[in-house]
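Numbering (the numbering used here), first residue to last: 2 to 292.
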């Protein structure tokens, strides 16, 4: 991480040490030792004047809603996927549901599906091609069996000019979000994760949570994902529940956009940990002031 930040600050952003406050995004339930190590690096290695750490789902909520509002963020990232209830800007830690299927797992699944057809996707570069196939051709079927049995072949041009046809693999890959058993996992599907996270919340806020479900992360961009999620949830939630799923078009970058919103708020300065506070209290201050 230190080498990455060193490259980011000096080469990509060309920031001078000690001049710029830092807003750090982090996954929900980021372990305290990880947070403390990040604060230590920022203050002691990069000499930042101040910093704040915010959960990515909370920032995605700001990007979508633009204000504090009880919400559920369905966050499917490259390495970490979770369903995160938010209330008064804060993550409701005890109600967070972590899922095992992430963007990287879906890419590996697509690699396996393509290899099973006799196509070779073994090197890191070839896996990047498989990832692009997943992202450009992948789709969620409203009815899985019907979708896979009637899937039309779609052409994909490889970097070397070879054209391959991709059929049912387009649907099978994304289906793992709803059926982790396809990956050999016994974890909850995304629809069950949303339902469980909301049901773990106080009964007084569940109705509002069901009406403010926000999608975040690149793996929610599959065509048909929102419609399938709504259909699956309707089979789980109490009859008459008002259900609304928001799919912002920019949701691949919602955490970054939300960060820019939060940093522009009038109360942001009060959220920052100063160099003086860090020197007085130490790295644990990030767990006291950023929650």
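Note that beta-carbon positions come from the ideal geometry of N, C-alpha and C, so glycine has one too.
- Message: Please report the distance separating the alpha-carbon of residue 99 from that of residue 93.
- Response: Your numbering for residue 99 matches position 98 in the chain shown. Your numbering for residue 93 matches position 92 in the chain shown. Distance between the alpha carbons of residue 99 and residue 93: 13 Å.
- What residue from 142, 166, 21 has the CA that sits closest to residue 224's CA? The residue given as residue 224 occupies position 223 in the chain shown. Each of 142, 166, 21 was checked against the Cα of residue 224, and the nearest Cα belongs to 142.
- Query: Would residue 28 be called buried (16 or more neighbouring beta carbons within 10 Å of its own) or exposed?
  - Reply: Position 27 of the chain shown holds residue 28. By the neighbour-count rule (16 or more Cβ atoms within 10 Å), residue 28 is buried.
- Task: Go through its chain and collect everything with a Cβ distance to residue 183's Cβ below 8 Å, but skip five positions before and after it.
- Result: Position 182 of the chain shown, counted from the first residue, corresponds to residue 183. Result list for residue 183: 110, 173, 176, 177, in chain order.
- Query: CA-CA distance, residue 10 and residue 204?
  - Reply: Along the chain shown, read from residue 1 onward, the residue named residue 10 stands at position 9. Along the chain shown, read from residue 1 onward, the residue named residue 204 stands at position 203. The alpha-carbon atoms of residue 10 and residue 204 are separated by roughly 45 Å.
- Task: Pick out the complete alpha helix (DSSP H) segments inside the stretch 200-268, 4 residues or longer, and give them in chain order.
- Result: Counting whole runs of 4 or more residues, the stretch 200-268 contains the alpha helix (DSSP H) stretches 204-211, 226-235, 255-265.
- Among 289, 276, 283, 266, which one has its Cα closest to the Cα of residue 52? Within the chain shown, the letter at position 51 stands for residue 52. Minimum Cα distance to residue 52 is reached at 276.
- At 4 residues or longer, and completely inside the stretch 142-192: list those alpha helix (DSSP H) runs for me, N to C. 145-150, 170-176
- So the alpha helix (DSSP H) residue 138 belongs to, where does it begin and stop? By one-based count along the chain shown, residue 138 stands at place 137. For residue 138, the enclosing alpha helix (DSSP H) starts and ends at 125-138.
- Task: State the DSSP-derived secondary structure class of residue 76, mapped to helix, strand or coil.
- Result: Position 75 of the chain shown, counting from 1, holds the residue named residue 76. It is a strand residue.
- Task: Starting from the C-beta of residue 287, find all residues in its chain whose C-beta is less than 7 Å away, skip the five residues before and the five after it, and write them out in chain order.
- Result: On the chain shown, position 286 is the one that residue 287 refers to. Excluding positions up to five away in sequence, the list reads 36, 37, 40, 54, 274.
- Query: Which class does residue 32 belong to by DSSP, given the choice of helix, strand or coil?
  - Reply: Counted from its first residue, the chain shown places residue 32 at position 31. If DSSP states are grouped into helix, strand and coil, residue 32 belongs with coil.
- Message: Taking the beta strand (DSSP E) that residue 51 belongs to, which residues open and close that run?
- Response: To locate residue 51, count along the chain shown from 1; it is residue 50. Per DSSP, residue 51 belongs to the beta strand (DSSP E) from 51-56.
- Item | Nearest-angstrom Cα separation, counted from residue 76 out to residue 145 | Reading the chain shown from its first residue, position 144 is the one you call residue 145. Reading the chain shown from its first residue, position 75 is the one you call residue 76. Straight-line Cα distance between these residues: approximately 22 Å.
- Sort 234, 220, 270, 272 by Cα distance to residue 250 and report the nearest one. For this step, residue 250 is matched to residue 249 along the chain shown. The shortest C-alpha separation from residue 250 is found at 220.
- Message: Buried or exposed, going by whether 16 or more other CB atoms sit within 10 Å of the CB of residue 20?
- Response: Translated into the one-based positions of the chain shown, residue 20 becomes position 19. Classification for residue 20: exposed.
- Message: Whole angstroms are fine: how far does the CA of residue 82 sit from the CA of residue 179?
- Response: Counting from 1 along the chain shown, the entry for residue 179 is found at position 178. Counting from 1 along the chain shown, the entry for residue 82 is found at position 81. Computed Cα separation, rounded: 13 Å.
- Query: Taking the alpha helix (DSSP H) that residue 287 falls in, what are its first and last residues?
  - Reply: Your numbering for residue 287 matches position 286 in the chain shown. Unbroken alpha helix (DSSP H) run through residue 287: 286-290.
- Grab the span of the beta strand (DSSP E) containing residue 102 for me, first residue to last. By 1-based counting over the chain shown, the position of residue 102 is 101. Careful: residue 102 lies outside any beta strand (DSSP E) and carries neither H nor E.
- Message: My output table needs one value for residue 82: the three-state DSSP class, helix, strand or coil.
- Response: Translated into positions along the chain shown, residue 82 becomes position 81. Correct three-state label for residue 82: strand.
- Item | Distance, residue 63 Cα to residue 263 Cα | Translated into the one-based positions of the chain shown, residue 263 becomes position 262. Translated into the one-based positions of the chain shown, residue 63 becomes position 62. For residue 263 and residue 63, the distance between alpha carbons rounds to 7 Å.
- Query: In the DSSP assignment, what residue or residues form a beta bridge with residue 41?
  - Reply: The residue you call residue 41 lines up with position 40 of the chain shown. For residue 41, which the question treats as bridged, DSSP gives no partner whatsoever.
- Item | Bounding residues of the beta strand (DSSP E) (the contiguous stretch that carries residue 282) | The residue given as residue 282 occupies position 281 in the chain shown. Per DSSP, residue 282 belongs to no beta strand (DSSP E); it is in the alpha helix (DSSP H), 276-282.
- How is the alpha helix (DSSP H) around residue 27 delimited, first residue to last? Start at 1 with the first residue of the chain shown, and residue 27 comes out as number 26. That residue, residue 27, is in no alpha helix (DSSP H); its beta strand (DSSP E) goes 23-27.
- Determine the burial state of residue 289: buried for a count of at least 16 other Cβ atoms within 10 Å of its Cβ, exposed for fewer. As a first step, residue 289 is located in the chain shown; it is residue number 288 there, counting from the start. It is exposed - the Cβ of residue 289 has fewer than 16 other Cβ atoms within 10 Å.
- Item | residue 229 classed as buried or exposed, judged by whether at least 16 other C-beta atoms fall within 10 angstroms | Walking along the chain shown from the start, residue 229 turns up at place 228. Under this definition residue 229 is a buried residue.
- Item | Extent of the continuous alpha helix (DSSP H) to which residue 7 belongs | Here residue 7 refers to the residue found at position 6 when the chain shown is read from its first residue. It spans 3-8 - the alpha helix (DSSP H) in which residue 7 sits, taken as one unbroken run.
- Item | Buried versus exposed, by CB contacts within 10 Å (16 or more), residue 5 | Position 4 of the chain shown, counting from 1, holds the residue named residue 5. Exposed, because fewer than 16 other Cβ atoms sit within 10 Å of the Cβ of residue 5.
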